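Worksheet: the structure to be examined is printed underneath.
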Amino acid sequence: MQLSRVNRSVADRLHSAAVQLLRRLRREDVAMGLTAARASALSVLVFGGKPLTLGALAQAEQVSAPTITRLIVGMERDGLVRRTADASDGRVVWLQATAKGARLLHAGRTRRVAALEAELATLAPAERETIAAATALLERLRHGSGSTAGQDEAGAMGRTSKAGGGRRRKAR
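Counting in this note's numbering, the sequence shown runs from 4 upward without gaps.
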């Protein structure tokens, strides 16, 4: 089936382009002074919008509980993350980024976005419009639905993500 080959080709090219673009943008992360694993885990806490348990963070990062625990211990020591006991269940510990951790991640995001903005400025206006339209489609795919049902154009085009990306595990 021809459509299947086209879809496979587009998916392959999109995957490669996304991985390469994110690798280039990751150069901006050096200024944060965090390993990629720490930056990724911290971004889940900062841009996820709510505290998480160790298990939920490990699941989001697709790593084992001992691995996430080691990361959290270091980030807690560096003042980037704090643990809070659950008020109703003492066995549950909630993880939350500190103000210092949030500032660090927001500054990193700002550097990445500025670098990408500079790259976009090198494109012709029509190409930037094409990228804008494609971004709306990619946001829909990120949410697991290619359907436009129930979305108006302004909602699809005007939405911006604070989740960083993504979660974007391992294909960064």
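Beta carbons: idealized from backbone N, C-alpha and C, even for Gly.
Everything numeric in this text was worked out from a predicted model, so none of it was measured.
T87 is bridged by DSSP to W97. Contact between the stretch 81 to 88 and the stretch 99 to 106 is present, with at least three C-beta pairs closer than 8 Å. Note that the C-beta distance between L74 and A100 is not below 7 Å.
Shown here for R115: same chain residues with a beta carbon closer than 6 Å to its own, the five before and five after excluded, namely L28, E31 in chain order. The criterion of a C-beta distance shorter than 7 Å is satisfied by V47 and A63. Beta-carbon to beta-carbon, L60 and V96 are separated by about 11 Å, too far to satisfy the 8 Å threshold. Our two residues, A117 and T72, have alpha carbons roughly 32 Å apart in a direct line.
For V49, the CB contacts under 6 Å within the same chain, skipping 5 residues up- and downstream, are A100, A105, L108 in chain order. Distance from the CA of P54 to the CA of R94, rounded to the nearest whole angstrom, comes to 15 Å. Within 10 angstroms of the beta-carbon of G111 lie 16 or more other beta-carbons, which makes it buried. In the displayed model, L37 falls within coil according to three-state DSSP, outside both helix and strand.
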